[in-house]
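Trainee: My questions will all concern the structure given below.
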Amino acid sequence: MISKLGSFFPTIYTIGPLHALLSSVIKDSPPLPSTNSLLWKEDQDCMSWLDSQPLTSVVFVSFGSLVQLTLDQVLEFWHGLTSSGNGFLWVIRSDSITGEHDMERILKELKDTAEGRGRIVSWAPQEEVLAHPAVGGFLTHSGWNSIMESIYAGVPMIGWPKFADQQLNSRCVSDVWKIGFDMKDTLIDQRWRKW
-4 MISKLGSFFP TIYTIGPLHA LLSSVIKDSP PLPSTNSLLW KEDQDCMSWL
46 DSQPLTSVVF VSFGSLVQLT LDQVLEFWHG LTSSGNGFLW VIRSDSITGE
96 HDMERILKEL KDTAEGRGRI VSWAPQEEVL AHPAVGGFLT HSGWNSIMES
146 IYAGVPMIGW PKFADQQLNS RCVSDVWKIG FDMKDTLIDQ RWRKW
């Protein structure tokens, strides 16, 4: 599909990732006042938690600012993450779960059963998290910014796309660039062993 699209359009050269340019320009300067328009307050305490984790031992889980999951999907991911034996940092927004649920109770139960291996936050400083040496993988919705930030940080991805460009983005990560997996892949287990 991508090769067919190329025949309809002129060659385009991308510029970026621009967030990396800004970081390199201001790295030795005093911090600038925030100019971004965050939708949620970032939990900076998660960075201290990451500092206490072994090198590349944590899976960062974030499905972006729009994706919603059913309670069953949240519980499936939860069981997979807790059963994996790896550490995880999971962003679960207050509006992440569809339907009528007691979010406070659900989040409390999930946090209480993390047993020190996992941490749940309502929002995280994603670029900082991905750049942290404790992070060894990223379970993502495959939004374009998330992919660019993960590539820049050198963190492999598992894509779980939901809508818009995310399916194509996830396929590029897995099949074109070969820097991660798409959860729709049926051969993920065989490919993971080679990775």
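Residue numbering for the sequence shown follows my numbering, beginning at -4 and increasing consecutively. All residues carry an ideal CB built from backbone N, CA and C; glycine is no exception. None of the values given here were measured: they were computed from a predicted structure.
When you compare only the Cα positions, how much space is there between F158 and S89?
Mentor: Taking the straight line from one Cα to the other gives about 20 Å.
Trainee: Among the residues of its own chain, which have a CB less than 8 Å from the CB of I87, if the five just before and after it don't count?
Mentor: Within the same chain, I87 has close Cβ partners V69, L102, L105, I115, V116 and S117.
Trainee: Could you work out which residue in D177, I153 and L84 is closest to W123 when comparing CA atoms only?
Mentor: Note that residue 123 is Glu in the sequence shown here, rather than Trp. The option with the nearest alpha carbon to E123 is L84.
Trainee: Exposed or buried, P5, counting other C-beta atoms within 10 Å across all chains shown (16 or more means buried)?
Mentor: Its Cβ having fewer than 16 others within 10 Å, P5 is exposed.
Trainee: Just reading off the alpha helix (DSSP H) that G75 is part of, what are its end residues?
Mentor: Unbroken alpha helix (DSSP H) run through G75: L66 to S79.
Trainee: Measuring alpha carbon to alpha carbon, tell me which of S2, W73 and K173 ends up nearest V54.
Mentor: That would be W73, whose Cα lies nearest to the Cα of V54.
Trainee: Taking G113 as the reference, give the member of D67, I10, K36 and S52 with the closest Cα.
Mentor: That would be S52, whose Cα lies nearest to the Cα of G113.
Trainee: Whose C-beta lies closer than 7 Å to the C-beta of Y48 among residues of the same chain, with five residues either side of it excluded?
Mentor: Just to set this straight, residue 48 is Gln in the shown sequence, not Tyr. Within the same chain, Q48 has close Cβ partners G82 and A129.
Trainee: Just mark L0 as buried or exposed, buried being the case when its beta carbon has 16 or more other beta carbons within 10 Å.
Mentor: The residue is exposed, with fewer than 16 neighbouring Cβ atoms inside 10 Å.
Trainee: With a threshold of 6 Å on Cβ separation, who are the neighbours of T93 within its own chain once the five nearest residues in sequence on each side are excluded?
Mentor: Taken in chain order, the residues that qualify are Q63 and T65.
Trainee: Reducing DSSP to helix, strand and coil, say where R260 ends up.
Mentor: This structure gives no information on residue 260, because the portion of the chain shown stretches from -4 to 190.
Trainee: With DSSP as the reference, please indicate the residues paired to D177 in a beta bridge.
Mentor: Bridge partners of D177: G154.
Trainee: Going along the chain, which residues of its own chain have a beta-carbon closer than 7 Å to the beta-carbon of M178, five neighbours each way excluded?
Mentor: Around M178: I153, G154 and W155.
Trainee: Taking G59 as the reference, which of G80, G131 and S91 has the closest Cα?
Mentor: Looking at the Cα atoms, S91 is the closest of the given residues.
Trainee: Would you list, in sequence order, the uninterrupted alpha helix (DSSP H) runs of no fewer than 4 residues that lie entirely inside the segment 126 to 151?
Mentor: With a minimum length of 4 residues, the continuous alpha helix (DSSP H) runs that stay inside the segment 126 to 151 are 139 to 148.
Trainee: Could you tell me if G111 is buried or exposed, where buried requires 16 or more neighbouring beta carbons within 10 angstroms of its beta carbon?
Mentor: It counts as exposed.
Trainee: Can you tell me the Cα-Cα spacing of S2 and G131, whole angstroms?
Mentor: Looking at the two C-alpha atoms, the distance is approximately 37 Å.
Trainee: Am I right that V146 and N164 are in contact with their C-beta atoms under 8 Å? What's the rounded C-beta distance?
Mentor: Reading off the sequence shown, one finds Ile at residue 146, where the question assumed Val. Incorrect: roughly 11 Å between the Cβ atoms, too far for contact.
Trainee: Can you check whether the CB of E95 is closer than 9 Å to the CB of L125?
Mentor: Taking 9 Å as the Cβ cut-off, L125 and E95 do not qualify as a contacting pair.
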